[in-house]
Amino acid sequence: MRRLLLTSSLLVALSTAYPVFSAPAQSPIAIAIHGGAGTIERAKFTPEQELAYRQTLQSAVEQGYAVLEKGGESLDAITTAIKVLENSPFFNAGKGAVYTYDGTHELDASIMDGRDRQAGAISGVTLIKNPIELARAVMEKSVHVMLSGEGAQEFAKREGVAFVNKDYFDTPHRYEAWQKARKKLEQAEQGIKDYQALHQQLPQQYKMGTVGAVALDKQGNLAAGTSTGGMTAKRFGRIGDSPIIGAGTFADNDSCAVSATGHGEYFIRYNIAADICARVQYQGKTVAQAGQDVIFGPMLEAGGTGGVIILDAEGNISMPFNTKGMYRASKSNTQPTYVGIFDDKK
Ligand code: ASP
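This is the structure:
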């Protein structure tokens with residue numbers, strides 16, 4: 027008895043001298059963004075250009091992260107980050123959108139909430155400053171998932187989403203790419219060559235761009251969003267994967283959040299974003315394994331080029347791409363800001 031009393035008094039004394047706090051486990055928060063994949067090589071950049079891209083990516087990821095840090099929702103974090111990229115002329119979305127064959131701009135975007143798989147998407151809008159805002163309005167304020175063209179813009183007016191003049195989307199570098207692409211594709215009009223064959227000959231860069239974000243908030247909710255101008259010289263109302271839930275965007279708290287960039291037709295045919303999350307959910311793969319398996323598996327084998335950003339509900343991030351480079355950035359409560367453009371492994 028005496029011994030027991032001694033032991034317990036010793037324990038009390040020790041615990042006072044060395045208080046043990048069991049720190050509440052911090053809920054993970056994380057965000058990853060991309061600004062498009064493609065033939066992005068170091069040699070094509072001046073140091074100043076590279077710095078400018080890096081700074082924009084850093085600013086987007088950090089503004090999105092700040093929302094999460096303050097306890098904000100993942101949907102707000104991705105909307106914030108994507109708007110920074112849409113407002114920059116560097117990326118093929120919003121301000122920097124590519125030209126269609128007819129010299130216009132047709133923008134696509136989508137967003138998904140991992141809590142309940144609510145989703146919103148828009149395609150072929152021509153005068154919306156931030157297409158991601160309109161996609162979000164579709165998700166939150168309409169009974170539909172996807173709206174297109176004039177109808178989507180009519181809805182935007184009712185919801186007070188910001189419009190711009192069509193000249194807002196004019197940028198010299200996209201204009202030059204459009205001129206070159208058109209020259210090539212016009213040969214099809216004159217019956218010299220097959221349109222499909224000519225389109226395949228266009229530089230990879232003309233088929234890519236796009237911005238996107240995935241985030242995890244303190245409440246454990248995932249969200250994903252993607253916004254694009256599509257492909258240079260796209261025609262006949264072509265729509266890529268970016269506004270298609272399951273192809274270019276997907277989020278579900280039970281698996282992961284994905285935003286894609288690359289040759290959209292392949293992402294649609296192979297249902298890439300949903301396939302990655304299905305592998306995480308049903309095969310128990312990590313986001314890194316699932317992303318690798320899909321981007322270097324069925325996607326590449328089919329001839330599809332591009333990449334994805336993936337995030338799970340524990341804050342694990344993976345950003346695989348099978349192209350030369352992908353503009354990307356990430357930040358989490360356990361990882362400082364990372365910004366990448368080229369293939370770091372080479
Ligand atoms: N996936 C987009 C599209 O096909 C383009 C891109 O991501 O670069 O419209």
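Quick note: the sequence shown uses this note's numbering, first residue 27, plus one each step. All C-beta atoms, glycine included, are put in the ideal place defined by N, C-alpha and C.
I need the boundaries of the beta strand (DSSP E) containing residue i, first residue and last residue.
i	result
H131	Note, H131: premise wrong, no beta strand (DSSP E); not H, not E.
I59	A56 to G64
S149	Q144 to V151
G366	Y364 to F368
S253	L248 to T254
M325	Not the beta strand (DSSP E): M325 falls in the alpha helix (DSSP H), residues P324 to E327.
V334	G332 to D338
Check whether the Cβ of residue i sits closer than 7 Å to any heavy atom of the ligand ASP, and report yes or no.
i	result
F293	yes
T130	no
G150	no
N118	yes
D267	yes
M165	no
G235	yes
G251	no
H225	no
M257	yes
T331	no
G317	no
G272	no
H289	yes
T254	yes
Hey, would you say residue i sits closer than 8 Å to residue j, going by beta carbons?
i	j	result
D338	V365	no
L83	I57	no
A123	L133	yes
L242	G98	no
A283	L248	yes
If I follow the unbroken alpha helix (DSSP H) through residue i, where does it start and stop?
i	result
Y201	P198 to E215
K357	No alpha helix (DSSP H) contains K357, which is instead part of the beta strand (DSSP E) from G351 to S358.
A15	In the structure as shown, the chain starts at 27 and stops at 372, and residue 15 therefore has no counterpart that could be examined.
L94	P73 to E95
V164	P157 to K167
A300	I298 to Q309
S100	S100 to E112
F293	G290 to R295
Counting only C-beta atoms, is residue i closer than 8 Å to chain C at any point?
i	result
I55	In the structure shown, chain C does not exist; there is a single protein chain.
**Item:** Segment contact, 8 Å Cβ cut-off, at least three pairs: the region 111-121 with the region 251-263
**Value:** The answer is yes - the region 251-263 touches the region 111-121, with three or more Cβ pairs under 8 Å.
**Prompt:** Taking three-plus beta-carbon pairs below 8 Å as touching, is the region 184-199 in contact with the region 294-310?
**Reply:** no
**Asked** Is the region 198-214 in contact with the region 163-177, if contact means three or more CB pairs nearer than 8 Å?
**Response** no
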